[in-house]
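K.L.:
In the numbering used here, the protein residues as written are 210 to 411. Glycine residues also receive a C-beta, built at the ideal position from the N, C-alpha and C atoms.
1) In whole angstroms, what is the alpha-carbon distance linking residue 254 and residue 221?
2) Take the Cβ of residue 266 as the centre, count every other Cβ of all protein chains shown within 10 Å, and call the residue buried at 16 or more, exposed below.
3) Going by DSSP in three states, residue 231 sits in which element: helix, strand or coil?
4) For residue 239, which of helix, strand or coil comes out of DSSP?
5) Is residue 311 helix, strand or coil when you go by DSSP?
6) Could you tell me which of 363, 295, 378 sits nearest to residue 372, measuring between CA atoms?
7) Tell me whether residue 216 is buried or exposed, calling it buried when 16 or more other Cβ atoms sit within 10 Å of its Cβ.
8) Going by other Cβ atoms of all chains shown within 10 Å of its Cβ, with 16 needed for buried, is residue 249 buried or exposed?
9) For residue 271, count neighbouring C-beta atoms within 10 Å of its own C-beta (all shown protein chains included) and say buried if the count is 16 or more, exposed if not.
10) Whose CA, out of 335, 338, 325, lies closest to the CA of residue 348?
11) Count the other C-beta atoms from every protein chain shown that fall within 10 angstroms of the C-beta of residue 233, then say buried if there are 16 or more, exposed otherwise.
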């Protein structure tokens, strides 16, 4: 059996960041998953922060300490630990990203480390400023963010009955994003697996 055949497929979470009523994040994530699941080089799963329903950060110790005391924190850490990479689907609110996503990112630490992250954004200007901020945050969590990005305009790339109506350049951008996200998730997997083993051995 070849080495390639022995390498397990990376598992990547598609994370819906918005929890707002009337959000577009669910239709964007559905489009992303429809495209992503055509691939045979990774597995993709949906995480909806609306369903996770995390309260505001309520841990007495910094998450980097790894001392999670709340059951919802431990459950969230267990969830994100299963993945090799993350694709965040986020709107732009007032030049930033939703507080629901910031809370989800801040609640854990080691479980994010040494993995890959990519972004699909949407907003009046495509949500690009939200992603600019997110890149700095995920870097602090030791997530490696890939360069390609999909930026959807809420006026030209959506239809009330059809959902996302991406143009050809959006489809091409998503392909490049997924190519890099899968490659980086695969390459980083041994690194975060070694870190998990070292943490367990302590």
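P.N.:
Considering the structure as presented:
1) Taking the first residue of the chain shown as position 1, residue 254 is located at position 45. Taking the first residue of the chain shown as position 1, residue 221 is located at position 12. Looking at the two C-alpha atoms, the distance is approximately 6 Å.
2) By one-based count along the chain shown, residue 266 stands at place 57. By the neighbour-count rule (16 or more Cβ atoms within 10 Å), residue 266 is not buried but exposed.
3) Here residue 231 refers to the residue found at position 22 when the chain shown is read from its first residue. Here residue 231 sits in coil by DSSP.
4) Against the chain shown, residue 239 aligns to sequence position 30. It is helical.
5) By 1-based counting over the chain shown, the position of residue 311 is 102. Residue 311 falls in the helix class under three-state DSSP.
6) Stepping through the chain shown from its first residue, residue 372 is reached at position 163. Comparing Cα-Cα distances from residue 372 to each of 363, 295, 378, the minimum goes to 363.
7) As a working note, residue 216 is residue 7 in the chain shown. Flag for residue 216 reads exposed.
8) In the chain shown, residue 249 corresponds to position 40, counting from 1. Exposed, since its Cβ has fewer than 16 Cβ neighbours within 10 Å.
9) Counted from its first residue, the chain shown places residue 271 at position 62. Label assigned to residue 271: exposed.
10) In the chain shown, counting from the first residue as 1, residue 348 sits at position 139. Comparing Cα positions, the closest option is 325.
11) Against the chain shown, residue 233 aligns to sequence position 24. When all chains shown are included, residue 233 counts as buried.
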